[in-house]
Structures are given as structure tokens and as C-alpha cells.
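Going by our numbering, the sequence shown opens with residue -11, and the numbers climb by one from there.
Following: one structure in C-alpha cells, then a few remarks.
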Amino acid sequence: MSQTMLKIGFIGAGAIHFGRPEVPWDHASRLEKIGGMEVIGIVDPDTRRSDEVLKERLASPDYGHMYTHCRLLTDYRELLGMKPEVVFIGAPPAYRGSPIDGKNLELEFSRVGIHVFVEKPLSIVPPEEFSPYACSVSEACRANNIVLSVGYMFRYHAAVLKMKEMIAHHGGKVKAFNARYYFAYTEGVNKTWFNTDFFGGPIVEQATHFCDLARYIVGDVDMTSLHTIMLNDCDKGGAGNLNHLLDRAEDDIPSNKRIPRVTLSHWRFEDGGLGTLMHSITLPGSRYQATIDVQLDGLQLSLIDPYESTSILRVRNLEGGNPNQDQDFVFDNDDKYLRELDTFIKAVRQRKQSLIKSSYEDATKTYELTWAIRRQGEVKM
Ligand SMILES: NC(=O)c1ccc[n+]([C@@H]2O[C@H](COP(=O)([O-])OP(=O)(O)OC[C@H]3O[C@@H](n4cnc5c(N)ncnc54)[C@H](O)[C@@H]3O)[C@@H](O)[C@H]2O)c1
């Protein structure tokens, strides 16, 4: 049976929606593969960028037809008026996720019955202001039978799905969760990430994926147990200096707005196990390094490089085989973004929010966790 064409719109013509040579993300290319959609609008105040991406897309012999009627817009309200069935919100978080008029995009779209895919982080406003807004968004989605998904794509990574399965099979009691996320900076950075005012800092903006995995794999965190320390640019001993930033990227950012160079946090999960997170900005080059270790009684699961096209799940298990030997499960070209978006489009077509692994409500808890980590560290500056 042929499917009806979904009318979709993009808010933000940046890397998350249309890619850049050096990054693996690019929602448009996954949606083109999935098919059955027509792009009716792209909103971006930077019309040079949106014009460039539209021209590029139109030139594709395979997918150009999806963009034939696409209009370039500069304000999301124009797209709202065009009544797409689905909207992808990937503008920086400073321009969304807030009760303030003009920044309450998720609420405006869901209230009029438009399905929403929104990127992390959900916002940059403090959780006290954000949480009541998040409740209104979730309520509007429920009332209008709207599917809303948040871009925590690691929840769709095949290795993470396998970890969840193995943990459940092993009885589910995680003793320790340890995430390390090391940022590489010497070949260039997105300048706005480096200013806490625009993206909320490295935990709210980046390590949020690993805070989310902590919650997804182990469960909720006892916030009263959290402890964080940070190494900042202004550290008296000079250990916070970054000497290899290209194009003097931080020169116009005041020292107190520069993101921390190292963040170390630990906590207790509500289920009793312990968690740690280390984020740093030190690595040469542009390749990030990320690893998660999860330990249960007689079982260790290490997820190595989930951002890379090849990632490894290294397992040391008491059950079966040699308990002193690691067993590697290799995941080659596992496209977590494609699985995430394919699930979202299926959920929209079936009007089934239950297919979505990251709802707004759930992602709000991750948002609160990232802020708790950030605030704990900033207090001790
Ligand atoms: N899930 C992931 O793996 C992942 C990866 C990259 C980025 N992201 C998220 O996606 C979001 C965007 O990141 P990016 O890398 O695309 O940034 P980017 O800087 O490449 O692009 C952002 C675009 O949004 C536009 N913009 C600014 N204000 C706008 C507004 N009011 N309305 C519409 N467009 C506006 C900018 O002009 C720019 O073109 C961020 O929240 C980021 O955290 C998620």
C-alpha cells in the first residue's frame, strides 16, 4: 500500500540538519533515505546558509524532487502558518525550549497538531524555568496525540541496545557506570559551543548524551548525592589554558563565559549503583574519544567510541567462555541517526509515541541532571 507524502519542515539549516564535511550527523540525508516526505520549508535567519543547502539538495538526481516546493523562511512562525505535518527543530538551544514568546517553538507546533523532532539540549534556561514549560509541551502532545522525539540518538545505537539486553539478562543491578568523553579541539571548534551563554556549557550541550545514557542504561540519579569539580580557564596555576585553539576562537569570550576544560562528576543512582562522568577539552585533532564502562556482579560492558563509524562493545563475562578474556562485538557503520529517524517517522505514521525512546518528559530529566552537574561545579569556582 502506498504511503501518503508527509509534509515536513526544518528549523535551522545548520550541521545537524544538513551536515558538514567533518561530521557524521545530517538528518536530511537520513530522511531522504527513508523517503515518503516532501520538504516544504527551511527556516534560518542566515539565508546564505539556507540557500546554499537548498541548492545542494535540489541538485541531487535521487532526492532533489523532495525539495521542489521548498520555501526558504527566516522565522518559524512562517513555517507554522504553512502547516507542515512534521517539524524538525535544530536551531541552537538559545532560540527555543523556553516559555518566552518567540522561543516556545515546541509548544506552538505541538499545540496545533504538528509532530516534533527536537534536538538536544532541550534548552539553556535554568531547570526551574524550563520544567513548567516542559510540562506544558508534554501536556500539549498528549492532548493532541502528537509524537515528539528528542535527539538522543545513542538510545538507538545497536551496541547500546545489546548492552540493555545483556544487563537485563544479568539481573539488571548495575554497580558502577563510568563515562569518559574527551573533546578534541586543535583543528577548529564551533565558536558558539565555547561560550556558555549560547549552548549552556559542555555538560548541558555535549556530555548530555552520556548523562542521558547513564539514565537510560542504569536509571535515575539521586540528585542529592551529586558532586562535581571543574578546571576552568581562570585556574590560578594556569592548568586551564588552551594553547592550541585555532583563529583565536576564545579571544572575544570573557573568561567567566569560557567553558570548563575538565569536568569531573560522580553520584549515586536511585537504584544504589555509583556513576562517574569525566568531560575534558584536551585532545589534539578533531576526533573525540568516548567510552562507557558498566559493571555488574561478574560482568563488565565497555562501549568504545560510539561516535565513530566502527564502535566496539567489549564484554568480560563470568558466564560462558574464559572470564579473564574480553569478547569484542564490533559494530561497523551502525547508523544510529537513521534508526532514530526511521523510528520517529514510523511513530508519526502510526501515531504511536510509545515507539519513541526519548520523550520530552524523559529528556527533561536528563536536562535537569546536566544542570545539576554544571551548577555543582560552578559553585566551587
Ligand atoms: N544529536 C546530535 O548528535 C547533534 C549533533 C550536532 C548538533 N546537535 C544539536 O543541534 C542543534 C544545532 O546544532 P548545529 O550543529 O546544527 O549548529 P550550527 O551552528 O551548525 O547551525 C545552527 C543553525 O541554526 C540557525 N539559527 C539560529 N537562530 C535560528 C532561529 N531563531 N531559527 C532558525 N534557525 C536559527 C543558524 O543560523 C545556523 O544555521 C544544537 O542544539 C546541537 O546541540 C545535535
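Virtual Cβ for every residue (Gly too), placed ideally from N, Cα, C.
Note that the structure is a prediction, hence the values are computed from the model and not measured.
Return the residue from the list the options that minimises the CA-CA distance to residue i.
i      : options                        : result
Glu175 : Glu153, Pro80, Pro272          : Pro272
Leu149 : Lys71, Leu289, Glu40           : Leu289
Lys334 : Ile191, Tyr204, Ser137         : Ser137
Thr184 : Thr212, Lys245, Lys161, Arg236 : Lys245
Thr35  : Arg203, His53, Leu61           : Leu61
Asn312 : Leu287, Asp330, Glu258         : Leu287
Phe118 : Arg8, Lys91, Ala164, Phe165    : Lys91
Ile300 : Ile217, Thr196, Thr279, Glu20  : Thr279
Tyr276 : Tyr295, Glu127, Pro114, Gly263 : Tyr295
Lys345 : Phe142, Arg8, Val11            : Phe142
Ala195 : Pro12, Asp89, Leu265           : Leu265
Asp200 : Asp14, Phe257, Met154, Lys179  : Phe257
Ile191 : Met151, Ser253, Thr212         : Ser253
Lys224 : Asp210, Ser243, Leu214, Ser213 : Ser243
Asp259 : Leu326, Phe165, Gly228, Leu343 : Phe165
Ala16  : Ile269, Gly52, Glu10           : Gly52
Ile22  : Asp330, Phe105, Gly85          : Asp330
Ile112 : Tyr83, Val106, Asn132, Ala131  : Tyr83
Asp39  : Ile155, Asn229, Tyr55          : Tyr55
Leu343 : Glu73, Asp50, Glu20, Tyr144    : Tyr144
Met151 : Ile134, Val106, Gln283         : Gln283
Met25  : Lys353, Ala351, Gln341, Val336 : Val336
Met211 : Leu262, Ile269, Ala147         : Leu262
Thr180 : Ser297, Pro49, Glu193, Glu153  : Glu193
Thr352 : Arg8, Leu110, Pro12            : Leu110
Around the Cβ of residue i, are there at least 16 other Cβ atoms within 10 angstroms (buried) or fewer (exposed)?
i        : result
Arg236   : exposed
His57    : exposed
Met369   : The predicted model places Met369 with a pLDDT of 45, which falls under 50 and marks its position as unreliable; any figure quoted below should be read in that light. Under this definition Met369 is an exposed residue.
His103   : buried
Gly139   : buried
Phe6     : buried
Ile4     : buried
His267   : buried
Met(-11) : Confidence in Met(-11) is poor, its pLDDT being 47 and thus under 50, which makes the residue's placement unreliable; the coordinate value appears in the next sentence. Under this definition Met(-11) is an exposed residue.
Gln364   : buried
Glu328   : buried
Gly0     : buried
Lys71    : exposed
Asp221   : buried
Ala47    : exposed
Arg362   : buried
Ser213   : exposed
Ser86    : buried
Leu357   : buried
Asp240   : exposed
Gly189   : buried
Thr298   : exposed
Met(-7)  : exposed
Heavy atom of ligand 1 less than 7 Å from the Cβ of residue i, yes or no?
i       : result
Asp32   : yes
Arg37   : yes
Glu193  : yes
Ile4    : yes
Asn178  : yes
Glu66   : no
Ala172  : no
Glu10   : no
Tyr204  : no
Ala373  : The requested residue 373 does not occur in the structure, where the chain is confined to residues -11 to 369.
Glu94   : no
Tyr355  : no
Ile(-1) : yes
Gly78   : yes
Met54   : no
Met70   : no
Trp13   : yes
Lys(-5) : no
Gly139  : yes
Glu127  : no
Pro109  : yes
In the DSSP assignment, what are the bridge partners of residue i?
i      : result
Met25  : Leu(-6)
Phe317 : Leu301
Trp255 : Gly263
His57  : His57 pairs with nothing; no bridge assigned.
Met218 : Thr251
Glu156 : As written in the sequence, residue 156 is Ala, which differs from the Glu given in the question. Bridge partners of Ala156: none, in fact.
Arg168 : Met266, Thr279
**Request:** Indicate whether the contact test is met: 3 or more Cβ pairs, each with one atom in the segment 300 to 309 and one in the segment 92 to 106, closer than 8 Å.
**Result:** no
**Prompt:** Does the count of Cβ pairs from the segment 23 to 32 and the segment 60 to 78 closer than 8 Å reach three?
**Reply:** yes
**Asked** Are the segment 312 to 322 and the segment 194 to 209 touching by the rule of at least three beta carbon pairs closer than 8 Å?
**Response** no
**Request:** Would you check if the segment 319 to 326 and the segment 78 to 91 touch, i.e. whether three or more CB-CB distances between them fall below 8 Å?
**Result:** no
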